[in-house]
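Undergrad: Residue numbers (the numbering used here), protein chains in the order written: chain A, 1 to 248; chain B, 249 to 494.
Built from N, CA and C at the ideal position, the CB exists for glycine as well.
First, the structure itself, so that you have it in front of you.
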Amino acid sequence: MIEVQHIYKSFEGATVLQDINTSFEQGKTNLIIGQSGSGKTVLMKCCIGLYDVDEGNILFNDREFAHLAEKKRQQIRQEMGVLFQGGALFDSFNVEENIMFPLNMFTNMSPKEKKERVNFVLEHVDLAGTNRKFPSELSGGMLKRVAIARAISLIPKYLFADEPNSGLDPKTAERIDGLLSDLTKKFNMTTVINTHDMNSVLQIGEKISFINKGKLWWEGNNKEVLKTDNEELNEFIFATALTRRIKE
Amino acid sequence: MKILHQIGEYLYIMLQAFKRPDKGFVFRRQLLLDLKRIGSDSIGIVAIVSLFLGAIIAIQMAYNIDSPFIPNTIIGFSTRQMMVLEISPTFISMILAGKVGSRIASEIGTMRITEQIDALRVMGVNPANYLILPKITAAVIYFPILIIFSIFLGVVGGWISSIVTGIVPSAEYINGIRDWYDPFTISYAMIKTVVFAFIITSVSAYKGYTVKGGSVEVGQASTDAVVQSSILIIFFDLLLTQLLLT
Ligand SMILES: Nc1ncnc2c1ncn2[C@@H]1O[C@H](COP(=O)(O)OP(=O)(O)OP(=O)(O)O)[C@@H](O)[C@H]1O
Ligand SMILES: [Mg+2]
Chain A
1 MIEVQHIYKS FEGATVLQDI NTSFEQGKTN LIIGQSGSGK TVLMKCCIGL YDVDEGNILF
61 NDREFAHLAE KKRQQIRQEM GVLFQGGALF DSFNVEENIM FPLNMFTNMS PKEKKERVNF
121 VLEHVDLAGT NRKFPSELSG GMLKRVAIAR AISLIPKYLF ADEPNSGLDP KTAERIDGLL
181 SDLTKKFNMT TVINTHDMNS VLQIGEKISF INKGKLWWEG NNKEVLKTDN EELNEFIFAT
241 ALTRRIKE
Chain B
249 MKILHQIGEY LYIMLQAFKR PDKGFVFRRQ LLLDLKRIGS DSIGIVAIVS LFLGAIIAIQ
309 MAYNIDSPFI PNTIIGFSTR QMMVLEISPT FISMILAGKV GSRIASEIGT MRITEQIDAL
369 RVMGVNPANY LILPKITAAV IYFPILIIFS IFLGVVGGWI SSIVTGIVPS AEYINGIRDW
429 YDPFTISYAM IKTVVFAFII TSVSAYKGYT VKGGSVEVGQ ASTDAVVQSS ILIIFFDLLL
489 TQLLLT
């Protein structure tokens, strides 16, 4: 479990996160939803220690993280997998080298073990056999899946994904959601997903935190989310013609 | 104020970069890649420019010193001196600033805006060390080789032009390049080269590393990298010349 305790974050005087207090549970897909610019990415980057919080604390299974020195943070980072908004694969490395990267940095696996692990995770994302391809040779959906494969290559306890299915067609988007949800169950991970995709919210939202203007506005699950009387959340959910039609 | 902030930021990033790499094999692998990208890939342009410059200088020397009282050997001699003292270490370094500097800034800048640098940090890497140190090392190793090569080709270029145009007989040109040889001029050239190699790679890496925004800013950073390293090269050229040759 990850506990986010009353964190504040501002950039050059502009407050981005205000008193965010929540927790992300193990074995569940925890969703952070909110409009573009609401602070989802900043919250996630605070959780993985890429930004220092101004106030508050973050605990990974009761272990203090937010105020550790960079060297000490690496210990907990070995248990994290992160999928960045754009995938962030290394352009000069092929698929296999990308996935092996965290294994090289964090483990003492033999070359054979590493190779097996690469193939193991590639199978999980349905991309077996693409080892020698370079990121520039892959489609957007494939890139995302390779990035997922890299994120899970250490079989992390904590998986963070920043808008894993943005910019993909609905079918591929749903497939990625399904994949993240299955992996969460299979490896009993604490998964945190940033999204503004309503389909993901309804499909895999086991715990949903709605962020609005840098504040935590509402929490619940995908059953409750449709019935809420929270005005801002309703506005967010029923922003599209499609969701309004469904409501009617 | 902004300048002071930039210098502080630059020094901070260099401090991060000059830490001992955690994994030796990762550093060696990056170094090999950068030796190729920064060094071997520049051989072509260095060769062409040096040959032509040597040829041009020899012709200009012959034109300037068209007097029966000055021996023809002066043409070979001055072509060599110009290449060693200034053209190869400074002018070629400027060209390398354009080629290598823009490449480093845009490569690192793109990694910054596509969150690859964040990804490195999450995967237990000190990104400044991983990205910058091998590039500086590669340039400091490879640039002196390129500059020696450039001096050699410049002198050859002068020789070819003197034969082709007939301004000096081949034997006199060759006698000229052997005249009054002072080994310190080579040391002076090498010291300049190493300093310029450091300036080009570190300034460009700094520019790329601190990019904020998108592709427009990456383009801007790569232009800034070339402009600022060129200015610094000229400035340090004067400084080092003053220190070493007077
Ligand atoms: N490094 C930074 N420096 C200054 N301001 C920042 C920085 N990162 C984010 N912000 C600001 O914080 C706010 C929240 O940004 P954030 O990226 O978290 O939004 P988001 O919810 O992830 O949006 P999106 O859905 O578009 O990705 C924005 O107003 C942004 O301008
Ligand atoms: Mg975001």
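#1: Below 8 Å, can you find three or more Cβ-Cβ pairs linking the stretch 9-19 of chain A to the stretch 163-171 of chain A?
#2: Check for me: the alpha helix (DSSP H) holding B:W407 runs from which residue to which?
#3: What distance in whole Å lies between the Cβ atoms of B:A376 and B:I286, which are believed to be in contact at a cut-off of 8 Å?
#4: Taking all protein chains shown into account, do 16 or more other C-beta atoms lie within 10 angstroms of the C-beta of A:M105, making it buried, or fewer, making it exposed?
#5: Comparing alpha-carbon positions, which option in A:D197, A:Q5 and A:F84 lies nearest A:V53?
#6: Between A:G34 and ligand 1, is the CB less than 7 Å from at least one heavy atom?
#7: Chain A partners of B:G372, CB-CB under 8 Å?
#8: Does B:K347 come within less than 8 Å of chain A when only Cβ atoms are used?
#9: Measuring alpha carbon to alpha carbon, tell me which of A:G37, A:L183, A:N21 and A:G13 ends up nearest A:V124.
#10: Nearest to A:V16 by alpha carbon, out of A:K28, A:C46 and A:D177?
#11: In chain order, what residues of the same chain have a beta carbon less than 6 Å from the beta carbon of B:L492, not counting five sequence neighbours either side?
#12: With three or more C-beta pairs closer than 8 Å as the rule, is the stretch 252-263 of chain B touching the stretch 444-458 of chain B?
#13: Hey, does A:I48 have any beta-carbon neighbour from chain B nearer than 8 Å?
#14: When every heavy atom of ligand 1 is checked, does at least one fall within less than 7 Å of the C-beta of A:Q85?
#15: For the alpha helix (DSSP H) containing B:N423, list its first residue and its last residue.
#16: Taking all protein chains shown into account, decide if B:W407 is buried (16 or more other Cβ within 10 angstroms of its Cβ) or exposed.
#17: Can you tell me whether B:Y390 is buried or exposed? The criterion is at least 16 other CB atoms within 10 Å of its CB, across all chains shown.
#18: A:V146 CB to nearest chain B CB: under 8 Å?
#19: Nearest by alpha-carbon distance to A:G87: which of A:I2, A:V146 and A:L154 is it?
#20: For A:N221, collect the residues of the same chain with a Cβ closer than 7 Å to its Cβ; drop the 5 residues on either side in sequence, then sort them by chain order.
#21: How would you label B:S412, buried or exposed, when you count the other beta carbons within 10 angstroms and need 16 or more for buried?
#22: Measuring CA to CA, which of B:D289, B:I251, B:R268 and B:G256 is closest to B:P382?
#23: Between which two residues does the alpha helix (DSSP H) holding B:K284 run?
#24: When DSSP builds the beta bridges, which residues end up paired with A:T195?
#25: Can you name the start and end residues of the beta strand (DSSP E) that A:T22 belongs to?
#26: Rounded to a whole number of angstroms, what is the C-alpha to C-alpha distance between B:L394 and A:R132?
#27: Could you check the C-alpha separation between A:V95 and A:I246 for me, to the nearest Å?
#28: Does the stretch 71-81 of chain A come close enough to the stretch 197-204 of chain A to have 3 or more Cβ pairs within less than 8 Å?
#29: Comparing the C-beta of B:R369 with each C-beta of chain A, is any distance below 8 Å?
#30: B:G302 and B:T338 - do their beta-carbons sit closer together than 8 Å?
#31: Which residues share a DSSP beta bridge with A:D162?
#32: For chain A, check one thing: does any of its Cβ atoms lie closer than 8 Å to the Cβ of B:V274?
#33: So is B:Y311 buried or exposed if we call it buried at 16+ other beta carbons inside 10 Å?
#34: Taking the C-alpha atoms as reference points, what is the distance between B:T358 and B:S463?
#35: If A:A149 and A:L127 are in contact, beta carbons under 8 Å, what's the gap, nearest whole angstrom?
#36: Give me the chain B residues within the contact set of A:G86, using Cβ-Cβ distance strictly less than 8 Å, ordered along the chain.
TA: Taking the coordinates as given:
#1: Contact between the stretch 9-19 of chain A and the stretch 163-171 of chain A is absent, because fewer than three Cβ pairs lie under 8 Å.
#2: First-last of the alpha helix (DSSP H) with B:W407: P375 to T413.
#3: The Cβ separation is near 17 Å, so there is no contact.
#4: Looking at its Cβ environment, which holds 16 or more other Cβ atoms inside 10 Å, A:M105 is buried.
#5: That would be A:Q5, whose Cα lies nearest to the Cα of A:V53.
#6: Yes, Cβ of A:G34 sits closer than 7 Å to a heavy atom of ligand 1.
#7: Neighbours of B:G372 on chain A, chain order: Q74, R77, Q78, P102, M105 and F106.
#8: No, because no Cβ of chain A sits closer than 8 Å to the Cβ of B:K347.
#9: Just to set this straight, residue 124 of chain A is His in the shown sequence, not Val. Comparing Cα-Cα distances from A:H124 to each of A:G37, A:L183, A:N21 and A:G13, the minimum goes to A:L183.
#10: For A:V16, the closest of A:K28, A:C46 and A:D177 by C-alpha to C-alpha distance is A:C46.
#11: Its chain contains Y436 as the residues whose beta carbon lies nearer than 6 Å to that of B:L492, once the 5 sequence neighbours on both sides are disregarded; these appear in chain order.
#12: Flag = yes, the stretch 444-458 of chain B and the stretch 252-263 of chain B touch.
#13: At least one chain B Cβ lies under 8 Å of A:I48.
#14: A:Q85 has its CB nearer than 7 Å to a heavy atom of ligand 1.
#15: Here the alpha helix (DSSP H) through B:N423 covers S418 to R426.
#16: With 16 or more Cβ atoms within 10 Å of its Cβ, B:W407 is classed as buried.
#17: The residue in question, B:Y390, is buried, as its Cβ has 16 or more Cβ neighbours within 10 Å.
#18: So no, A:V146 is outside the interface.
#19: The shortest C-alpha separation from A:G87 is found at A:V146.
#20: Hits under 7 Å: G205, E206, K207 and I208.
#21: The question names Ser, but residue 412 of chain B is Val in the sequence shown. In summary, B:V412 is exposed, with fewer than 16 beta-carbon neighbours lying within 10 Å of its beta-carbon over all protein chains present.
#22: When only C-alpha atoms are compared, the closest one is B:R268.
#23: Segment: none, B:K284 is in no alpha helix (DSSP H) and carries neither H nor E.
#24: The secondary-structure analysis by DSSP pairs A:T195 across a beta bridge with A:I33.
#25: First-last of the beta strand (DSSP E) with A:T22: A14 to F24.
#26: If you take the alpha carbons of B:L394 and A:R132, they lie about 34 Å apart.
#27: Distance between A:V95 and A:I246, taken at the CA atoms: about 40 Å.
#28: Too few Cβ pairs lie closer than 8 Å, so no.
#29: Interface residue, yes.
#30: Contact flag unset, no.
#31: The partner list for A:D162 (beta bridge, DSSP) reads A:N194.
#32: Answer yes: the Cβ-Cβ gap between B:V274 and chain A drops below 8 Å somewhere.
#33: The residue is exposed, with fewer than 16 neighbouring Cβ atoms inside 10 Å.
#34: Cα to Cα, the separation comes out at about 7 Å.
#35: So it is a contact: roughly 7 Å between Cβ atoms.
#36: Here the neighbours are T362 and E363.
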